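Have a look at the structure below, then the notes.
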Amino acid sequence: MKFSCSKTDLQNAITLCLKAVSSKTPMAILEGIFFQAYDSRLVLNTTDLEISIKTEVPAFIETDGEVVLKAGLISDIIRHLPGEDVFFEKDDLHQLKIDCLQASFTIKGQSAEEFPDFPEIEEAYSFQMKAGVLKNMIRGVISSVADNENIPILKGVKTEIEEDQIKMVALDGYRLAIRKGKIETPISSPISVIVPGKALNELYRLMGDDEELVVVRFSEAQIYFKVGPTEFVTRLLEGDYFNYEQIIPKEKNNDITIERQDFLDAVERAALLARVGKNNLIKMDFNENQLQITSNADLGDVFETVPIDNIGTPMRIAFNSKYVIDALKVIEEERLRIHLTTAAGPAVLRTTETDEEGDFLYLILPVRMSDL
């Protein structure tokens, strides 16, 4: 095995592959990156048995071959090399020599015989969508994915595709996030799957150019994404997702319109004290044309006002400030609507354009006043 490539290209590929390297595994082979040089291609592959990543690096291949290298070690070596052109040569004992200007390393590799094959997707459905759309959807729901081992299904994102529309849903028992988008190649039959939130979070970091098309394929147990030269496969979660639609109020007693950035700024300031108090708690008083936000703790208190348009009666309601901030940070619209029912009922954040969900919907459960 003998090849050469660019340090920058290889470092970028290794960074991508590290996202699927297993750090806690009885299988030492999974702590490595599988390097394959063949057919004038250099391919890198990693897996933790839940997520698998494969990507290509432009390279000049003199002799085909393969080897598994300790992920952390090869990453550190490549990052610290002094030049741009890097030369590699492996012997029959899986030792790899790395040369770059005045630096020369020889490191021990492993045989690739025990490295798991990259998953083959038995394609049932396939479509394409823009990376920018997929990134916005993931960013919009990921903070609402549960981190609860007791309810593993909530560690996933329910993903529904019908014709040219895609919807992602996440909930953690305290909040619900819904995002909608459009795919470029409509499908003939509806799909509903549950994708692990952890995998979507890693996929988000792989994507670059918003206009680049992402290829998506489903099988019964796995989902596949291809972004440029990088392939990403993860297992789907099994089980029935919660009926999220039943927790969205059908009626509203208050219909409030507010500037998103003003609202976010005020909540973030109030949260400075809320996070040293109880439950990150902030109280909101919705009046006819003004929202008053208060928070207090042993260290002091804060009072904020934000202009609003409120169709409804005055209402006081309390929230965990973190949940409000998480939602407001991922909404792109300058203005939004807040629908309230009672002080004990959820707040629903929607687009100002319509009473329907639009491209997004966020639901946040309040902190009951009796619990304070």
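Each residue of the sequence shown is one higher than the one before, starting from 1 at the first, in this note's numbering.
Ideal Cβ placement from N, Cα and C applies to all residues, glycine included.
Since we're looking at a predicted model, the values are computed, not measured.
Notebook entry, point to check: Sorted by chain position, which residues of the same chain lie with C-beta nearer than 7 Å to residue 32's C-beta, five sequence neighbours on each side aside?
Noted result: Within the same chain, Cβ atoms closer than 7 Å to the Cβ of residue 32 are found at 68, 69, 70, 71 and 110, the five residues on either side in sequence being excluded.
Margin query: Using DSSP's beta-bridge definition, name the partner residues of residue 129.
Written below: Assignment of beta-bridge partners to residue 129 by DSSP yields 214.
Next item on the list: Determine, using beta-carbon pairs with one atom in the stretch 46-62 and one in the stretch 73-84, whether at least three such pairs fall under 8 Å.
Entry: Look at the beta carbons and you see the stretch 46-62 not touching the stretch 73-84: under three pairs across the two are nearer than 8 Å.
Check: Does the count of Cβ pairs from the stretch 184-193 and the stretch 262-278 closer than 8 Å reach three?
Finding: Judged by Cβ distances under 8 Å, the stretch 184-193 makes no contact with the stretch 262-278, as fewer than three pairs qualify.
Check: If you run the structure through DSSP and keep just helix, strand and coil, what is residue 10?
Finding: DSSP places residue 10 in helix when its eight states are reduced to three.
Next item on the list: For residue 183, collect the residues of the same chain with a Cβ closer than 6 Å to its Cβ; drop the 5 residues on either side in sequence, then sort them by chain order.
Entry: Same-chain partners within the cutoff: 127, 129, 164 and 166.
Next item on the list: Provide the residue(s) that pair with residue 319 in DSSP beta bridges, ordered along the chain.
Entry: Listed as beta-bridge partners of residue 319 by DSSP are 282.
Item checked: residue 137 versus 152, 197, 121 and 154, residue with shortest Cα-Cα distance -> For the residues 152, 197, 121 and 154, the minimum Cα distance to residue 137 belongs to 197.
Checklist line | Pick from 46, 301, 42 and 26 that is closest to residue 19, judged by C-alpha positions | finding: Across the set 46, 301, 42 and 26, the C-alpha of 46 shows the shortest separation from the C-alpha of residue 19.
Check: Who pairs with residue 306 in a beta bridge, going by DSSP?
Finding: Beta bridge pairing from DSSP links residue 306 with 291.
Margin query: Looking only at its chain, what residues have a beta carbon closer than 8 Å to the beta carbon of residue 249, apart from the 5 residues adjacent to it on each side?
Written below: 339, 341, 345, 346 and 348.
Next item on the list: Have a look at residue 171 and residue 93 and give me their C-alpha separation to the nearest angstrom.
Entry: Across the structure, residue 171 and residue 93 are spaced so that their CA atoms are roughly 51 Å apart.
Margin query: Could you tell me the alpha carbon to alpha carbon distance between residue 351 and residue 208, rounded to whole angstroms?
Written below: Straight-line measurement puts the Cα of residue 208 at about 27 Å from the Cα of residue 351.
Check: Beta-carbon separation of residue 255 and residue 311 under 8 Å?
Finding: Yes, the Cβ-Cβ distance between residue 255 and residue 311 is below 8 Å.
Notebook entry, point to check: Taking the C-alpha atoms as reference points, what is the distance between residue 134 and residue 146?
Noted result: Their Cα atoms are separated by approximately 20 Å.
Next item on the list: From the DSSP output, in three-state form, read off residue 196 for me.
Entry: In the three-state reduction of the DSSP assignment, residue 196 falls in the strand class, which pools E and B.
Margin query: Alpha carbons only, please: which of 290, 302, 298 and 288 is nearest the one belonging to residue 282?
Written below: Here the closest residue by C-alpha is 302.
Margin query: Can you tell me whether residue 374 is helix, strand or coil according to DSSP?
Written below: Residue 374 is absent from the model: the chain starts at 1 and stops at 372.
Notebook entry, point to check: How is residue 22 classed by DSSP in three states: helix, strand or coil?
Noted result: If DSSP states are grouped into helix, strand and coil, residue 22 belongs with coil.
Check: In terms of DSSP beta bridges, what is residue 254 paired with?
Finding: DSSP output for residue 254 lists 340 as bridge partner(s).
Checklist line | Alpha-carbon to alpha-carbon, residue 121 and residue 373 | finding: The chain is shown from 1 up to 372; residue 373 falls before or after that span and cannot be answered.
Note to self: With distance defined between alpha-carbon atoms, name the residue in 154, 323, 155 and 36 nearest to residue 264.
What the structure shows: Closest option to residue 264, Cα to Cα, is 323.
Notebook entry, point to check: Taking Cβ to Cβ, would you say residue 139 is nearer than 8 Å to residue 362?
Noted result: No, Cβ-Cβ distance for residue 139 and residue 362 is not below 8 Å.
Margin query: Which complete beta strand (DSSP E) runs does the stretch 76-154 hold, if anything under 3 residues is left out?
Written below: Listed in chain order, the complete beta strand (DSSP E) runs (minimum 3 residues) inside the stretch 76-154 are 85-90, 95-100, 103-108 and 125-130.
Checklist line | CA-to-CA distance, residue 4 to residue 91, given in whole angstroms | finding: Using only the alpha carbons, I get a separation of about 15 Å.
Checklist line | Assumed close pair residue 241, residue 153 - CB separation to whole angstroms, cut-off 8 Å | finding: Residue 241 to residue 153, Cβ: 6 Å. Contact.
Note to self: Using 8 Å as the threshold, is the C-beta distance between residue 156 and residue 195 below it?
What the structure shows: Yes, these two residues count as a Cβ contact at 8 Å.
Item checked: One or two residues paired with residue 177 in a DSSP bridge -> DSSP lists 170 and 362 as the beta-bridge partner residues of residue 177.
Next item on the list: Let me know if residue 200 comes out buried or exposed under the rule of 16 or more other beta-carbons within 10 Å of its beta-carbon.
Entry: Residue 200 sits buried, since 16 or more C-beta atoms from the chains shown fall within 10 Å of its C-beta.
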